[in-house]
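Residue numbers (the UniProt record's numbering): 1 to 156. The beta-carbon is built from N, C-alpha and C at its ideal position, and this holds for glycine as well.
Below you can see the structure in the form of structure tokens.
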């Protein structure tokens with residue numbers, strides 16, 4: 001993980017444990033931002049965590065693209081959906097860029113679906129669909145892990 005000196009870490013995990021969780025966990029990242037009219041907005045995106053940043057992709061016509069062009073500040077959370085609950089939340093800054101060759105999208109399809117051989121992948125990779133890369137640079141990361149207090153709920 002590259003920019004550790006600029007990221008504030010707190011919570012139960014070390015920076016290396018945070019990185020391990022974020023690279024191994026394949027649930028969507030929940031991203032909160034502001035709309036151009038200053039309302040709050042939240043959505044879920046597939047992500048990969050590399051070089052200390054979250055990398056996502058979405059259609060160029062998605063509302064989030066307009067919202068992030070207006071205000072780049074975001075809050076986010078990556079957490080397990082089943083007990084015992086654990087995860088990482090934080091805040092940072094988002095930046096947008098083109099994903100002309102859909103390389104980011106293809107990496108996400110491989111990460112979440114195991115490949116690009118599906119009707120969903122075919123639809124998302126359509127040459128007629130413009131794709132945007134979203135990068136979130138964290139400023140603060142906070143980790144939590146309720147495994148100990150939820151040990152009666154661990155799945156087999």
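Contacts around residue 118, its chain only, beta-carbon distance under 6 angstroms, and the 5 residues preceding and following it disregarded: Non-local beta-carbon contacts of residue 118 in its own chain, meaning distances under 6 angstroms to residues more than five positions away in sequence, are absent.
query: With distances taken between CB atoms, is the gap from residue 136 to residue 74 smaller than 7 angstroms?
result: Taking 7 angstroms as the Cβ cut-off, residue 136 and residue 74 qualify as a contacting pair.
query: Is the beta carbon of residue 56 less than 7 angstroms from the beta carbon of residue 47?
result: Cβ distance < 7 angstroms, so residue 56 and residue 47 count as in contact.
- prompt: For residue 99, which residues of its own chain have a beta-carbon under 7 angstroms away from its beta-carbon, when the five flanking residues on both sides are left out?
  reply: 57, 105, 131, 132 and 133.
Length of the line joining the Cα atoms of residue 36 and residue 125: Computed Cα separation, rounded: 29 angstroms.
- request: Might you give, ordered along the chain, the residues of its own chain that have their beta carbon closer than 8 angstroms to the beta carbon of residue 110, omitting 5 neighbours on each side?
  value: Once the five neighbours on either side are set aside, the close Cβ partners of residue 110 are 116.
message: Once DSSP output is grouped into helix, strand and coil, what is the label at residue 15?
response: Under the three-state reduction of DSSP output, residue 15 falls in the helix class.
message: Let me make sure I understand the geometry here. Which of 108, 61, 6 and 82 has the alpha-carbon closest to that of residue 52?
response: Nearest neighbour of residue 52 by Cα position, chosen from 108, 61, 6 and 82, turns out to be 6.
message: Quick check: what's the CA-CA separation for residue 30 versus residue 9?
response: CA-CA distance, residue 30 to residue 9, rounds to 19 angstroms.
message: Considering just the uninterrupted stretch of the beta strand (DSSP E) at residue 7, what are its terminal residues?
response: Premise fails: residue 7 is in no beta strand (DSSP E) and is neither H nor E.
- prompt: Can residue 78 and residue 18 be called in contact, C-beta distance under 7 angstroms?
  reply: Taking a C-beta distance under 7 angstroms as the contact criterion, residue 78 and residue 18 do not qualify as a contact pair.
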